[in-house]
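Numbering (the working numbering), first residue to last: 22 to 315. Glycine included, every Cβ here is placed at the ideal spot set by N, Cα and C. Data block below; observations after.
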């Protein structure tokens, strides 16, 4: 089903951010065609005036030309905190590219989160920003599970885009998110990504709101053997799985010669060094911030 598309006029596209990873959040679209079953950004629907389910509409933002972009010099813009800025619609509408062109030469830093390889179109433009960073969300190497969860491009295409950016000298992140207990093979993803990224983020599956039932029903249907684990983790709020995974990752990264830290995105290493693995729990930061700014 194709989403309902409409153009909207907004006063601006840069919003001051309370996220620990950026000064401003930038979202050129409201909603996303990828329709991820676990999308934490679905809470944004209540601010959209859309009756359609989340994932079945996209608003295309149009904003006035950004005046004095140089005032953002040294500030970090996080592009794609609650939408994928390179969802398929971007190929036609080009709002993310328009933003990058308006900010080019301003001296601002950018970080971009996506599941797409359409971003390859803008590689040279992105390279022109100081300390640019691009992350791809990858939480499985299983094509069937990926297709069940979202309509974005394949895992192979995401890895290929990551490699192209890394080969071009742009810092890349493999965002292993969200980690599904008993399903996501974190170690296997890190092994595949480690030669083409500078950072690995680990984020747990955090079920809340309307998509909690969707995911639990999916687990019951497709992975009935995992139902007890999901009941302990998400109904009884037992965090022992994450404590176990934390210890597994400490041991794994030590064996792989990778630096492992928790909740710290501030460490900087030379580009050619192996990636840092950060166990970074995002949702607790994103959702309250978004509610506050709305």
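What are the start and end residues of the beta strand (DSSP E) that includes residue 167? To locate residue 167, count along the chain shown from 1; it is residue 146. Here residue 167 belongs to no beta strand (DSSP E); instead the alpha helix (DSSP H) covers 164–170.
Please state whether the Cβ-Cβ distance between residue 153 and residue 180 is less than 9 Å. Within the chain shown, residue 153 is the residue found at index 132, counting from 1. Within the chain shown, residue 180 is the residue found at index 159, counting from 1. Cβ distance not < 9 Å, so residue 153 and residue 180 don't count as in contact.
Residue 262 versus residue 269 - alpha carbon distance: The count along the chain shown starts at 1 and reaches residue 262 at position 241. The count along the chain shown starts at 1 and reaches residue 269 at position 248. Spanning the two alpha carbons is a distance of roughly 10 Å.
What is the residue span of the alpha helix (DSSP H) that residue 186 lies within? Taking the first residue of the chain shown as position 1, residue 186 is located at position 165. Residue 186 -> alpha helix (DSSP H) spans 176–188.
Kindly indicate which three-state DSSP category residue 150 falls into: helix, strand or coil? Locating residue 150 in the chain shown gives position 129, counting from the first residue. If DSSP states are grouped into helix, strand and coil, residue 150 belongs with coil.
If I follow the unbroken beta strand (DSSP E) through residue 194, where does it start and stop? By one-based count along the chain shown, residue 194 stands at place 173. 192–200 is the extent of the beta strand (DSSP E) around residue 194.
Residue 94 versus residue 155 - alpha carbon distance: In the chain shown, residue 94 corresponds to position 73, counting from 1. In the chain shown, residue 155 corresponds to position 134, counting from 1. Taking the straight line joining both Cα atoms gives about 19 Å.
Taking the C-alpha atoms as reference points, what is the distance between residue 173 and residue 58? Residue mapping note: residue 173 aligns to position 152 of the chain shown, counting from 1. Residue mapping note: residue 58 aligns to position 37 of the chain shown, counting from 1. Straight-line Cα distance between these residues: approximately 12 Å.
Quick check on the DSSP output: what are the complete beta strand (DSSP E) runs of length 3 or more inside the region 82–159, in order along the chain? 97–100, 130–135, 154–158
Tell me the DSSP bridge mates of residue 205? Counting from one through the chain shown, the residue named residue 205 turns up at place 184. DSSP, once it has assigned bridges, lists no residue as partnering residue 205.
Residue 237, DSSP secondary structure in three states: Working through the chain shown from its first residue, we reach residue 237 at position 216. Note: residue 237 maps to helix in three-state DSSP.
From 61, 192, 160, 49, residue whose alpha carbon lies closest to that of residue 123: Position 102 of the chain shown, counted from the start, is the residue given in the question as residue 123. Residue 123 has its Cα closest to that of 49, out of 61, 192, 160, 49.
What is the DSSP secondary structure of residue 30, counted as helix, strand or coil? Working through the chain shown from its first residue, we reach residue 30 at position 9. Residue state, collapsed to three classes: strand.
Confirm, please, whether the CB-CB distance from residue 208 to residue 141 is below 9 Å. Residue numbering aside, residue 141 sits at position 120 when the chain shown is read from its first letter. Residue numbering aside, residue 208 sits at position 187 when the chain shown is read from its first letter. Not in contact: residue 141 and residue 208 (Cβ atoms no closer than 9 Å).
In whole angstroms, what is the alpha-carbon distance linking residue 54 and residue 160? As a working mapping, residue 54 is identified with position 33 in the chain shown. As a working mapping, residue 160 is identified with position 139 in the chain shown. Straight-line Cα distance between these residues: approximately 18 Å.
Confirm, please, whether the CB-CB distance from residue 205 to residue 211 is below 9 Å. On the chain shown, position 190 is the one that residue 211 refers to. On the chain shown, position 184 is the one that residue 205 refers to. Not in contact: residue 211 and residue 205 (Cβ atoms no closer than 9 Å).
Select from 26, 244, 272, 201 the residue whose C-alpha is nearest the C-alpha of residue 114. As a first step, residue 114 is located in the chain shown; it is residue number 93 there, counting from the start. Ranking the options by Cα distance to residue 114, first place goes to 26.
I'd like the list of long-range same chain contacts for residue 116, defined as Cβ closer than 7 Å, with 5 residues on each side in sequence excluded. Locating residue 116 in the chain shown gives position 95, where the first residue counts as 1. Excluding positions up to five away in sequence, the list reads 49, 50, 81, 82.
Considering only residues of the same chain and omitting the five flanking positions on each side of residue 138, which have a CB-CB separation below 7 Å? On the chain shown, position 117 is the one that residue 138 refers to. Once the five neighbours on either side are set aside, the close Cβ partners of residue 138 are 174, 178, 179, 181, 182.
Taking Cβ positions, are residue 164 and residue 135 nearer each other than 9 Å? Here residue 164 refers to the residue found at position 143 when the chain shown is read from its first residue. Here residue 135 refers to the residue found at position 114 when the chain shown is read from its first residue. No.
Run of the beta strand (DSSP E) containing residue 36, from where it starts to where it stops: Residue 36 sits at position 15 when you count from the first residue of the chain shown. Here the beta strand (DSSP E) through residue 36 covers 35–37.
So residue 271 is in the alpha helix (DSSP H); what residue range does that whole segment cover? Numbered from 1 along the chain shown, position 250 holds the residue referred to as residue 271. Element bounds for residue 271: 261–277.
Alpha carbon to alpha carbon, how far is residue 274 from residue 73? Along the chain shown, read from residue 1 onward, the residue named residue 274 stands at position 253. Along the chain shown, read from residue 1 onward, the residue named residue 73 stands at position 52. Distance between the alpha carbons of residue 274 and residue 73 is about 43 Å.
Tell me which residues share the same chain as residue 31 and place their Cβ nearer than 8 Å to its Cβ, disregarding the 5 neighbours each side in the sequence. The residue labelled residue 31 in the question sits at position 10 within the chain shown. Excluding residues within five positions, the ones whose Cβ falls inside 8 Å are 82, 83, 84.
By how many angstroms is the C-alpha of residue 278 removed from the C-alpha of residue 79? Looking up residue 79 in the chain shown gives position 58. Looking up residue 278 in the chain shown gives position 257. Answer to the nearest angstrom: the Cα atoms are 43 Å apart.
Compare the beta carbon distance of residue 43 and residue 86 with 9 Å and say whether it is the shorter of the two. Counted from its first residue, the chain shown places residue 43 at position 22. Counted from its first residue, the chain shown places residue 86 at position 65. In this structure, residue 86 does not lie closer than 9 Å to residue 43 by Cβ.
Go to residue 220, then tell me how far its beta strand (DSSP E) extends in each direction, as first and last residue. Mapped onto the chain shown, residue 220 falls at position 199. From DSSP, the beta strand (DSSP E) with residue 220 extends over 220–225.
Could you work out which residue in 46, 253, 245, 190 is closest to residue 228 when comparing CA atoms only? For the purposes of this step, residue 228 is taken as residue 207 along the chain shown, with counting starting at 1. Here the closest residue by C-alpha is 253.
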